[in-house]
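Only one structure is covered here, and it is reproduced in the block below.
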Amino acid sequence: MKLILLGLGVVAGIYISWTFPDAAVQIFNGFLELVNWLSAAMTSMLRGGQ
266 MKLILLGLGV
276 VAGIYISWTF
286 PDAAVQIFNG
296 FLELVNWLSA
306 AMTSMLRGGQ
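Quick note on my numbering: the sequence shown kicks off at 266 and runs consecutively.
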């Protein structure tokens, strides 16, 4: 089931990036910001919330 969802996600990502390149860039940038925020939050939690 996870493999099917992964395949659908890859196909949807390729379709979106092919059809709407600007939207794909915005989604990718948003994802990178989310990853940066999560890593900063995890680092803060590991340091004791400082």
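Beta carbons are placed, not taken as given, at the ideal position from N, Cα and C, and that holds for glycine.
When the Cα atoms are used, Val276 and Ser309 turn out to be separated by approximately 36 Å. Per DSSP, Gly272 is one residue of the alpha helix (DSSP H) stretching across 267-284. If you check the CB distance, Ala288 and Ile279 do not come in under 8 Å.
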